[in-house]
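Encoded as structure tokens, the structure appears first; notes follow it.
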Amino acid sequence: MELALQIVLVLASVLMTLFVLLHRGKGGGLSSLFGGGVQSNLSGSTVVEKNLDRFTIITGLIWIICIIALNLI
Numbered sequence: 023m024e025l026a027l028q029i030v031l032v033l034a035s036v037l038m039t040l041f042v043l044l045h046r047g048k049g050g051g052l053s054s055l056f057g058g059g060v061q062s063n064l065s066g067s068t069v070v071e072k073n074l075d076r077f078t079i080i081t082g083l084i085w086i087i088c089i090i091a092l093n094l095i
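Per my numbering, the sequence shown starts with residue 23, numbered consecutively.
In structure tokens, the structure reads:
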């Protein structure tokens with residue numbers, strides 16, 4: 023059980039790092055490569071950014087749950 027939580031924690035850490043780096047900063051970012059650059063000027067927030075936000079939040083919650091579970095074990 024502990025090994026499985028450690029593996030999930032490492033995977034969540036790597037995914038969360040990638041998702042944070044994909045977010046668009048003030049001057050644009052890697053998310054504009056996936057279709058977010060054209061529509062961001064028109065609507066302010068694109069579907070790509072919203073989905074990226076959701077994935078980042080879900081990954082962060084999984085990361086926090088794994089840390090708490092490992093501390094309880």
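For glycine and all other residues, C-beta sits at the position ideal for the given N, C-alpha and C. Keep in mind the model is a prediction, meaning the values are calculated, not measured.
Quick one: what does DSSP say I95 is sitting in, helix, strand or coil?
coil
Just the C-alpha distance for T39 and V30, rounded to the nearest angstrom, thanks.
14 Å
Assigned exposure category for L25 - 16 Cβ within 10 Å defines buried:
exposed
Please state the DSSP three-state secondary structure of G47.
coil
Exposed or buried, what is V70 when buried is set at 16 or more other beta-carbons lying within 10 Å of its beta-carbon?
buried
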